[in-house]
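Asks:
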Amino acid sequence: MGKMILDDLRKRLERLDEDADLMIDNNDRYQMVIVGGSAFILLGKLTRATHDIDALSVPKELYSLLGKYDINTDVEAYIDNFPYNFQDRLQPLSFGGTKVQFYTPSLEDLVIAKLCSFRDTDKADVESEAVRNSLDWDLLEHLATDEDELKASILNDWRYRDFYIRYQEYVERWRPCES
């Protein structure tokens, strides 16, 4: 089932790219950042189903196509859940690219954002073995604690403290012991 979910997401994004190429009559190329559960799936870290594709940084030229492919930009309201410099760590996806180049944040940036929200599905996503085993725990620590990362983007001290409690619990439970 996991491959079918991954294939479905890829096909939807590839069709969006094809439609954008047919619809937009210029030589511009656009970027779209895929986040949330879809990003974890596209990175090969989750196999669960997701209802929509969460996207950041969607150019206005693509808005008319979003509903057709069930792409949600409501996540823009939670941009402060991502470390301030997450754009520096964007990873291009290997498909699309005729008109739209798709990216995901780093796995560590995605985990930070999920720990900020920590709904039940977010908790399950970051606790999955594939995610935990793929993390650069030192980078995760940097993003969670450095003054120029999450602390620079999160809305207030209360929200940061709430995040940090969840982050510490996550690290204590899941970070591999150093030998």
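What the sequence shown shows, in UniProt numbering, is residues 1 to 179, in sequence order. Every residue gets a Cβ at the ideal spot worked out from N, C-alpha and C, and that includes glycine.
1. In or out: Pro92 buried (at least 16 other Cβ within 10 Å) or exposed?
2. CA-CA distance, Val111 and Lys99?
3. Does the Cβ-Cβ distance between Thr50 and Gly67 come in under 8 Å?
4. Since Ile34 is in the beta strand (DSSP E), which residue starts that stretch and which ends it?
5. With distances taken Cα to Cα, identify the nearest neighbour of Tyr160 among Ala130, Ser117, Ser134 and Phe102.
6. Please report the distance separating the alpha-carbon of Tyr30 from that of Lys45.
7. Tell me whether the beta-carbon of Asp148 lies closer than 8 Å to the beta-carbon of Asn85.
8. Just curious, the beta strand (DSSP E) that Ile53 is in, first and last residue?
9. Kindly identify the DSSP beta-bridge partner or partners of Gln91.
10. Among the candidates Ser94, Leu43 and Ile24, whose CA atom is the shortest distance from the CA of Lys60?
11. Would you please state the rounded distance, in angstroms, between the beta carbons of Arg132 and Trp174? I believe it to be under 8 Å.
12. Exposed or buried, what is Thr104 when buried is set at 16 or more other beta-carbons lying within 10 Å of its beta-carbon?
13. Please classify Gly44: does DSSP put it in a helix, a strand, or coil?
Replies: In short:
1. To locate residue 92, count along the sequence shown from 1; it is residue 92. Classification of Pro92: exposed, given that the 10 Å Cβ count is below 16.
2. As a position in the sequence shown, residue 111 is number 111, starting the count at 1. As a position in the sequence shown, residue 99 is number 99, starting the count at 1. Distance between the alpha carbons of Val111 and Lys99 is about 29 Å.
3. Within the sequence shown, residue 50 is the residue found at index 50, counting from 1. Within the sequence shown, residue 67 is the residue found at index 67, counting from 1. No, these two residues do not count as a Cβ contact at 8 Å.
4. By 1-based counting over the sequence shown, the position of residue 34 is 34. That run of the beta strand (DSSP E) goes Tyr30 to Val35.
5. Working through the sequence shown from its first residue, we reach residue 160 at position 160. Here the closest residue by C-alpha is Ser117.
6. Along the sequence shown, one-based indexing puts residue 30 at 30. Along the sequence shown, one-based indexing puts residue 45 at 45. Going by the C-alpha atoms only, they are around 26 Å apart.
7. Locating residue 148 in the sequence shown gives position 148, where the first residue counts as 1. Locating residue 85 in the sequence shown gives position 85, where the first residue counts as 1. Closer than 8 Å, so yes.
8. Counting from 1 along the sequence shown, the entry for residue 53 is found at position 53. Per DSSP, Ile53 belongs to the beta strand (DSSP E) from Ile53 to Leu56.
9. Along the sequence shown, read from residue 1 onward, the residue named residue 91 stands at position 91. Paired residue(s): Thr104.
10. Looking up residue 60 in the sequence shown gives position 60. The option with the nearest alpha carbon to Lys60 is Ile24.
11. Residue numbering aside, residue 132 sits at position 132 when the sequence shown is read from its first letter. Residue numbering aside, residue 174 sits at position 174 when the sequence shown is read from its first letter. Confirmed, about 5 Å.
12. Counting from one through the sequence shown, the residue named residue 104 turns up at place 104. Thr104 should be labelled buried.
13. Locating residue 44 in the sequence shown gives position 44, counting from the first residue. Three-state result, Gly44: coil.
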